[in-house]
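Residue numbers (the numbering used here): 11 to 571.
Accompanying notes for the structure given below.
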Amino acid sequence: MTAITATQQFKAVAYLRWCLFRNGFRRKGGAGELIARFIVYPIFAGFILGPLVIATTAAYYAASTGHLLLLAPIFWSIFALRVVVSINVSQPGLSFDPESLIRFPLSFSRYFVVRIFLGLLSASTIISTLCLLGVAAGVTVAVPGLWVIAFATALLVAVADMFFIRMIFAWIDRWLATRRARELAVGFFIFVGLGIQYLNFTYNPGFGHGRADRARTAAKIAQGQHLYAVAEPVLRHLPPGLGASAIASGAAGHALLNLLAIFCFGAVWAGIFAWRMQREYRGENLSEANNSPVVQVDRVVVRPAVVQTASAATAPAPAFGVPPTVAAVLAKEWIYLRRNTAQFYGLLAPLAMVFLFTLRMGGRMGHSSWLFPAAVAYSALGIGALAYNSLGLDATGVQFYFLAPVRFGDILLAKNIFGFAVNLVEILVIYGLISYTAGPPPMLTVLATACWLLFAAFVNAMFGNRRSLTAPKKMDPGKVSRRQASQLSALMSVGILLGTIAVGAMLLAVAAFFNMAWLPLPVLAGLAVGAFALYWRSLGSIDRVALNNRETMIEELCKAS
């Protein structure tokens, strides 16, 4: 193929991305998504500004004081930030499967270039690259003669880190293609995530008060510095350490060897990533069915089928008064929870955070009237977002909901009941954790918090059911770093829960001001009853909403991952 053909192909892919992005706002709900982006992007820019200022200031201090080797911890911190953001923040959603490009006359080299550029707008790449450029700017301001080496090092480290993250996540997608691998990965993600939080609560000086706490924190920080000193001989030969060495040796004019080493690391990561992409380019199928064992049958015996007419069929009896449709969906939701790594981790992480926080701070706070409600509200923030994309894991199975003689109201009712049950389990576990670390909270506070949780859960489910039908997003447990809900839905879930939290906090403040500890209980109980009435009434119109949005639902949930 000629160079002109390659240019035309790249232009076609870029034009496709632009058309999909532009036309996405013309669909039903597109205006809301556009408004959500205008709200989310400034918040995202604020999150970028903090690490950028810290990295630039730290680099300026290290360069101005002549301790350029202190740039190594800064480079490693930026790399750690990139990993954390890659795990917790999804990549920009694509409206098409990039693997579908292999159907066209596209060479592997061009396919590889397209796959690289499709991931350049991820949050981790933007944040880490800006922080690395901030480090280069800080060094340049302190020592202007090092500006060429500083910016060359920042760009090479950024490219090497990008290929490393892309390589890791590409192979994680390959390893998580089977259900067993996803179940094993649950333990690993929980261990790593909780380990990071434990280190934060253990070594962060902000959680220590008093002379004894400061002494323990200082001892732990000294222990961490000793461990870093032990690992430093190995870390200095990896890209972040080589970047610091390149800038430090730039003053002596010996930075070229370190830059070449960083380039070699990036080339190795890119080669391994290209190997994975080549498997996809050749048509490798990562579906679970493709990995299941094949059973060969030498002899097939056909037996007469026993046909039962519809009139003679006996409907299954309700279990414990629960209709069969609701019971079946509840069983299915439990299976989804067990097999979805991200969802399972999202439920356990708030509990671990509550345990670590109360273990460190609960003894000083004692029987604070704010401790138990604050812990429950924090856990509700993680659970509440699930109600805004309750059909995401059903994917292509949503078609059977329209074919089967069932009501969408019963389906969403079962999903909401499962969410309520998860909320109940979480509040019981939180009560046990706080009772163990800080003593049992007052029963009046527990009852008021339970009423608030019912109020928040009913309001959240009422709006979440509508968004699940009007703006669904397909969820794939075997794919990491994929957006699990629309931006407007995520923004609505946070906004509604923060609104209910504000109501509960205001009632607690008024009760504390007037010394009327009983006041929140009847008010929140009345709000919970009113929210339940509105929620139950909204279920009556869910079937009409589902029929009006069936094309959007099937188009979004049945498309390729």
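In this text, a Cβ means the ideal position worked out from N, Cα and C, and glycines have one as well.
Note that the coordinates shown come from a computational prediction; the quantities given were computed from them, not determined experimentally.
CA-to-CA distance, residue j to residue i, given in whole angstroms
i: residue 19; j: residue 115; result: 9 Å
i: residue 444; j: residue 112; result: 55 Å
i: residue 451; j: residue 45; result: 42 Å
i: residue 335; j: residue 180; result: 38 Å
i: residue 254; j: residue 281; result: 24 Å
i: residue 559; j: residue 481; result: 9 Å
i: residue 544; j: residue 471; result: 11 Å
i: residue 528; j: residue 140; result: 52 Å
i: residue 562; j: residue 406; result: 13 Å
i: residue 343; j: residue 61; result: 39 Å
i: residue 353; j: residue 434; result: 17 Å
i: residue 108; j: residue 30; result: 13 Å
i: residue 164; j: residue 449; result: 51 Å
i: residue 483; j: residue 567; result: 6 Å
i: residue 429; j: residue 24; result: 41 Å
i: residue 474; j: residue 386; result: 20 Å
i: residue 467; j: residue 128; result: 38 Å
Buried or exposed by the 16-neighbour rule on C-beta atoms within 10 Å, applied to residue i
i: residue 22; result: exposed
i: residue 400; result: buried
i: residue 477; result: buried
i: residue 368; result: buried
i: residue 547; result: exposed
i: residue 554; result: exposed
i: residue 96; result: buried
i: residue 242; result: exposed
i: residue 276; result: buried
i: residue 26; result: exposed
i: residue 499; result: buried
i: residue 569; result: exposed
i: residue 51; result: exposed
i: residue 5; result: The structure shown does not extend to residue 5, since the chain is modelled only from 11 to 571, so the question has no answer here.
i: residue 398; result: buried
i: residue 155; result: exposed
i: residue 117; result: exposed
Beta-carbon proximity of residue i to residue j, cut-off 9 Å
i: residue 279; j: residue 174; result: yes
i: residue 64; j: residue 72; result: no
i: residue 440; j: residue 533; result: no
i: residue 552; j: residue 409; result: no
i: residue 503; j: residue 402; result: no
i: residue 462; j: residue 251; result: no
i: residue 485; j: residue 268; result: no
i: residue 147; j: residue 66; result: yes
i: residue 531; j: residue 458; result: yes
i: residue 272; j: residue 166; result: yes
N-terminal and C-terminal residue of the alpha helix (DSSP H) that residue i is part of
i: residue 530; result: 530-549
i: residue 485; result: From DSSP, residue 485 is part of no alpha helix (DSSP H); its letter is neither H nor E.
i: residue 332; result: Segment: none, residue 332 is in no alpha helix (DSSP H) and carries neither H nor E.
i: residue 513; result: 497-523
i: residue 475; result: 453-480
i: residue 136; result: 133-152
i: residue 7; result: What is shown of the chain runs 11 to 571, which leaves residue 7 out entirely.
i: residue 75; result: Counting along the chain, residue 75 falls outside any alpha helix (DSSP H), and DSSP gives it neither H nor E.
i: residue 266; result: 266-291
i: residue 156; result: First-last for residue 156: undefined, no H or E at that position.
i: residue 393; result: 381-394
i: residue 567; result: 560-567
i: residue 251; result: 249-260
i: residue 120; result: 118-128
Minimum Cβ-Cβ distance from residue i to chain B less than 9 Å
i: residue 420; result: Here chain B cannot be found, since the structure has a single protein chain.
Discussion item. Can you confirm whether the segment 48-59 touches the segment 131-142 when touching is taken to mean that 3 or more C-beta pairs between the two stretches lie within less than 8 Å?
Written reply: Yes: at least three Cβ pairs fall under 8 Å.
Discussion item. With three or more beta-carbon pairs closer than 8 Å as the criterion, would you say the segment 500-510 touches the segment 441-460?
Written reply: Flag = no, the segment 500-510 and the segment 441-460 do not touch.
Fill in: Stretch-stretch touch, CB-based, cutoff 8 Å, three pairs: the segment 380-391 with the segment 408-422
Touching, no.
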